[in-house]
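Chains as they are written, first to last, in the numbering used here: chain Z, 340 to 495; chain R, 4 to 110; chain X, 117 to 367.
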Amino acid sequence: MSASTATPAVQPRRRALLLAGACSVLLRPALAAPTAEAQAAVARFTGGQPVRDGRVVLGIDAVVENGNTVPLTVTVDSPMTAADHVQRIAVFTELNPQPDVLVCHLGPANGRAQIATRMRMAQSQTVTALAQLNDGSFWRHRVEVVVALAACLEGG
Amino acid sequence: MNIRVLIRLPATARPGEVVEVRLLLQHPMETGFRPGADGRTVPRNTVRRIEASFEGERVFAADLFPAIAANPYLAFALRATRSGTLAVSIEGDNGLAQRETAVLTVT
Amino acid sequence: MTRARLAMAGLAGALALAAGAAGAAGFDTRRSGYEDMSPSTQALQRDDTQNPAMLWVSDGEQRFAADCLRCHSVASLRGVAARHPAWDAASAKPVTLAARINLCRTRHVKAPALAAESDGLLALEAYLALQSRGQPLAPDGTLALRPFRAQGERLFQQRFGQLEFSCAQCHDDNAGRRLAGAPIPQAHPTGYPIYRLEWQGMGSLQRRLRNCMSGVRAEPFAYGSDEFTAIELYLKQRAAGMVMESPAVRP
Numbered sequence: 340m341s342a343s344t345a346t347p348a349v350q351p352r353r354r355a356l357l358l359a360g361a362c363s364v365l366l367r368p369a370l371a372a373p374t375a376e377a378q379a380a381v382a383r384f385t386g387g388q389p390v391r392d393g394r395v396v397l398g399i400d401a402v403v404e405n406g407n408t409v410p411l412t413v414t415v416d417s418p419m420t421a422a423d424h425v426q427r428i429a430v431f432t433e434l435n436p437q438p439d440v441l442v443c444h445l446g447p448a449n450g451r452a453q454i455a456t457r458m459r460m461a462q463s464q465t466v467t468a469l470a471q472l473n474d475g476s477f478w479r480h481r482v483e484v485v486v487a488l489a490a491c492l493e494g495g
Numbered sequence: 004m005n006i007r008v009l010i011r012l013p014a015t016a017r018p019g020e021v022v023e024v025r026l027l028l029q030h031p032m033e034t035g036f037r038p039g040a041d042g043r044t045v046p047r048n049t050v051r052r053i054e055a056s057f058e059g060e061r062v063f064a065a066d067l068f069p070a071i072a073a074n075p076y077l078a079f080a081l082r083a084t085r086s087g088t089l090a091v092s093i094e095g096d097n098g099l100a101q102r103e104t105a106v107l108t109v110t
Numbered sequence: 117m118t119r120a121r122l123a124m125a126g127l128a129g130a131l132a133l134a135a136g137a138a139g140a141a142g143f144d145t146r147r148s149g150y151e152d153m154s155p156s157t158q159a160l161q162r163d164d165t166q167n168p169a170m171l172w173v174s175d176g177e178q179r180f181a182a183d184c185l186r187c188h189s190v191a192s193l194r195g196v197a198a199r200h201p202a203w204d205a206a207s208a209k210p211v212t213l214a215a216r217i218n219l220c221r222t223r224h225v226k227a228p229a230l231a232a233e234s235d236g237l238l239a240l241e242a243y244l245a246l247q248s249r250g251q252p253l254a255p256d257g258t259l260a261l262r263p264f265r266a267q268g269e270r271l272f273q274q275r276f277g278q279l280e281f282s283c284a285q286c287h288d289d290n291a292g293r294r295l296a297g298a299p300i301p302q303a304h305p306t307g308y309p310i311y312r313l314e315w316q317g318m319g320s321l322q323r324r325l326r327n328c329m330s331g332v333r334a335e336p337f338a339y340g341s342d343e344f345t346a347i348e349l350y351l352k353q354r355a356a357g358m359v360m361e362s363p364a365v366r367p
């Protein structure tokens, strides 16, 4: 193949290396940047305030058997006193048809900032748990989850 | 139309103890994204909001979205201070509006 | 010659009985599908406050109180699910637990039969099956069941569908291996009716068998068919002695 038919700005060997690099990223997905819709959903929750990683633990399997029912817990390190407590916990996905999963409203009456539920995942993706404290700060934990599928499904 | 709701909490608790309240609701949580047998999208039918109050004071609320799995399970913590009634209200599509109660005994 | 042959036949017979009898200590390699599941799904099943099937059990408890308590105490129905499918003398054939529930309703309660896979029928089945939880599967030993059980075994060995697979090929020969990433279970019906995550709901063994048949691109047998009853009968014998874990959760 003559050089004139390839992308002129890039040498063939460099293109091959770039392609190889791109493929390796696809095969081993790193924490990809959130989609615009997912970012907008988080921004609605945080009101655009900065979010820091930490204090929140999203308990979810790294590999799940079936995307229909994925158990998860969200725990926030907090004394849950009137002076220092979690006000809201939220969970978002990035590749579901809709990013919002759950928003919980908490207070000192809970005694512990911990919730558990089961969610649906349309495909392997990153799940984000966010917490808003009464001092206005936002914290998060993001986990990559791989979804397997059962065999012999209804309808073939 | 009422749905089946199971509320699980310990029979008794000591004052100040943090107990776990577990809710299990029988509901399809139809997302509104799924094509039905006829090819048309099945309309959304979900539980949208759950609120829990203890002796009239709100202690927990949750906004649920279609990504919550069918037959929703939700667990949250509650600090037991005195005996009383936990009231759980459930709202959702198609006029779902229901209230269930459970008794917590603090000894 | 005759004596030796008789002795050999006796020995072979004894060995066959031992092999057939479930739970011969140290030789039983049978495993429940529970063991093939992820720890999270196992936890779902183990905890009655989290197991979605308990919603149906709760419903079944209410229905039982309304229609069945007049004749049956709950305690008297322990072990019944573990024994079914069982012989029904009136119709001179085996009946599954679901069919038995409907026979009771139409013959004795004078109530209409519940539709196959309806929430009401699954609820009653789940409630009854729960009463056998922890007990070993104990198939009905009525001799008249033998030809039906043999038919079930033939169906288990028969190739079906465009893919021309038999149940045995996957669940006897390849159990433990993976199919499309999921482990192939040995297919012992110790947990039915189940909450299948894939269905996002409750279903009977027959619903699961229909999924299998769709999986090999075969036209599934109808609910309540003689073929399915025969297969159930065989599967329960194949799993005889294994502990019931109903109502189970499966992926």
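Cβ coordinates follow ideal geometry from the N, Cα and C atoms, glycine included.
Rounded C-beta distance between R:V22 and R:G95? I'm assuming under 8 Å. Walking along the second sequence from the start, residue 22 of chain R turns up at place 19. Walking along the second sequence from the start, residue 95 of chain R turns up at place 92. So it is not a contact: roughly 26 Å between Cβ atoms.
Would you be able to state if there are at least three C-beta pairs under 8 Å between the stretch 23 to 30 of chain R and the stretch 64 to 80 of chain R? yes
Mind checking R:N97: buried by the 16 CB within 10 Å criterion, or exposed? Taking the first residue of the second sequence as position 1, residue 97 of chain R is located at position 94. By the 10 Å Cβ count, R:N97 comes out exposed.
Would you kindly work out how many angstroms separate the C-alpha atoms of X:Q251 and X:D152, rounded to a whole number? Along the third sequence, read from residue 1 onward, the residue named residue 251 of chain X stands at position 135. Along the third sequence, read from residue 1 onward, the residue named residue 152 of chain X stands at position 36. When the Cα atoms are used, X:Q251 and X:D152 turn out to be separated by approximately 21 Å.
Run through chain X and tell me which residues come within less than 8 Å of Z:P287, C-beta to C-beta. The requested residue 287 of chain Z does not occur in the structure, where chain Z is confined to residues 340 to 495.
Cβ shell of Z:G450 (< 7 Å), same chain only, five flanking positions each side left out: On the first sequence, residue 450 of chain Z is found 111 positions in, with the first residue counted as 1. Excluding positions up to five away in sequence, the list reads M419.
Please state the DSSP three-state secondary structure of X:K226. In the third sequence, residue 226 of chain X corresponds to position 110, counting from 1. Note: X:K226 maps to coil in three-state DSSP.
Let me confirm a value: X:F337 is counted as buried when at least 16 other C-beta atoms fall within 10 Å, else exposed. Which label applies? Position 221 of the third sequence, counting from 1, holds the residue named residue 337 of chain X. With 16 or more other Cβ atoms within 10 Å, it is buried.
Got a sec: is the Cβ-Cβ distance from R:N74 to anything in chain X below 8 Å? Indexing the second sequence from 1 puts residue 74 of chain R at position 71. For R:N74, the answer is yes, since a Cβ of chain X falls inside 8 Å of its Cβ.
Below 8 Å between beta carbons: does that hold for R:S86 and R:T108? Along the second sequence, one-based indexing puts residue 86 of chain R at 83. Along the second sequence, one-based indexing puts residue 108 of chain R at 105. Against a cut-off of 8 Å, the Cβ pair of R:T108 and R:S86 comes out as a contact.
Have a look at Z:G446 and R:V62 and give me their C-alpha separation to the nearest angstrom. Stepping through the first sequence from its first residue, residue 446 of chain Z is reached at position 107. Stepping through the second sequence from its first residue, residue 62 of chain R is reached at position 59. Cα to Cα, the separation comes out at about 7 Å.
Near Z:T408, which residues of its chain fall below 6 Å by C-beta distance, leaving aside the five closest residues on each side in sequence? Here residue 408 of chain Z refers to the residue found at position 69 when the first sequence is read from its first residue. R457, listed in sequence order.
Z:M458, DSSP secondary structure in three states: Position 119 of the first sequence holds residue 458 of chain Z. Under the three-state reduction of DSSP, Z:M458 is assigned to strand.
Tell me, please, whether the CB atom of R:R82 is closer than 8 Å to any CB atom in chain Z? Residue numbering aside, residue 82 of chain R sits at position 79 when the second sequence is read from its first letter. Chain Z contact via Cβ: present.
Cβ-Cβ distance between X:L237 and X:A214 below 8 Å: Counting from 1 along the third sequence, the entry for residue 237 of chain X is found at position 121. Counting from 1 along the third sequence, the entry for residue 214 of chain X is found at position 98. Cβ distance < 8 Å, so X:L237 and X:A214 count as in contact.
Within-8 Å CB hit, R:E58 to chain Z: On the second sequence, position 55 is the one that residue 58 of chain R refers to. So, not an interface residue.
Under 8 Å from the C-beta of Z:A487: neighbouring residues of chain X: On the first sequence, position 148 is the one that residue 487 of chain Z refers to. Within chain X, the residues near Z:A487 are G297, A298.
Please name the residue, chosen from X:R249, X:D289, X:H200, X:A227, that lies closest to X:G257 on a Cα-to-Cα basis. Here the question's residue 257 of chain X lines up with position 141 in the third sequence. The shortest C-alpha separation from X:G257 is found at X:H200.
Using a cut-off of 8 Å between C-beta atoms, extract the partners of X:G317 located in chain R. Mapped onto the third sequence, residue 317 of chain X falls at position 201. Ordered by position in chain R, the residues that pass the 8 Å Cβ test against X:G317 are P31, A73, N74.
Could one say the Cβ of X:Q166 lies closer than 8 Å to chain R's Cβ atoms, at least one of them? Taking the third sequence and counting its residues from 1, one reaches residue 166 of chain X at position 50. Yes, its Cβ sits closer than 8 Å to a Cβ of chain R.
Assign Z:V403 to buried or exposed, taking buried as 16 or more other Cβ atoms, counted over all protein chains shown, within 10 Å of its Cβ. Numbered from 1 along the first sequence, position 64 holds the residue referred to as residue 403 of chain Z. Buried.
What did DSSP end up calling Z:S417 once you bin it into helix, strand or coil? Numbered from 1 along the first sequence, position 78 holds the residue referred to as residue 417 of chain Z. Coil, per DSSP.
Can you tell me the Cα-Cα spacing of R:L67 and X:A364, whole angstroms? For this step, residue 67 of chain R is matched to residue 64 along the second sequence. For this step, residue 364 of chain X is matched to residue 248 along the third sequence. Their backbone Cα atoms lie some 26 Å apart in a straight line.
So which residues on chain R does X:S174 lean against when the C-beta distance must stay under 7 Å? Stepping through the third sequence from its first residue, residue 174 of chain X is reached at position 58. For the C-beta of X:S174, the chain R residues within less than 7 Å are, from N- to C-terminus, R7, L9.
With distance defined between alpha-carbon atoms, name the residue in X:S320, X:A334, X:D288, X:E335 nearest to X:A197. The sequence position of residue 197 of chain X within the third sequence is 81, counting from 1. Ranking X:S320, X:A334, X:D288, X:E335 by Cα distance to X:A197 puts X:S320 first.
In DSSP terms, what X:W203 is bridged to: In the third sequence, residue 203 of chain X corresponds to position 87, counting from 1. DSSP output for X:W203 lists X:P210 as bridge partner(s).
Nearest chain X C-beta to Z:P368 closer than 8 Å, yes or no? Sequence index remark: in the first sequence, residue 368 of chain Z carries index 29 (1-based). Residue confidence for Z:P368 is low, a pLDDT of 46 falling below 50, so the modelled location carries little weight; the figure read from the coordinates is stated next. No, its Cβ sits nowhere closer than 8 Å to a Cβ of chain X.
Look up Z:A467 in the DSSP assignment and give the residues it is bridged to. The sequence position of residue 467 of chain Z within the first sequence is 128, counting from 1. The amino acid at residue 467 of chain Z is misidentified as Ala; the sequence shows Thr. DSSP, once it has assigned bridges, lists Z:F431, Z:R481 as partnering Z:T467.
How far does the alpha helix (DSSP H) with Z:D439 in it extend, from its first residue to its last? In the first sequence, residue 439 of chain Z corresponds to position 100, counting from 1. First-last for Z:D439: 439 to 444, but that is the beta strand (DSSP E), not the alpha helix (DSSP H).
With a threshold of 6 Å on Cβ separation, who are the neighbours of X:I347 within its own chain once the five nearest residues in sequence on each side are excluded? As a first step, residue 347 of chain X must be located in the third sequence, where it is residue number 231. So the list reads G268, L271, once near-sequence residues are dropped.
Can at least three beta-carbon pairs, one atom from the stretch 279 to 289 of chain X and one from the stretch 228 to 236 of chain X, be found at a separation below 8 Å? no
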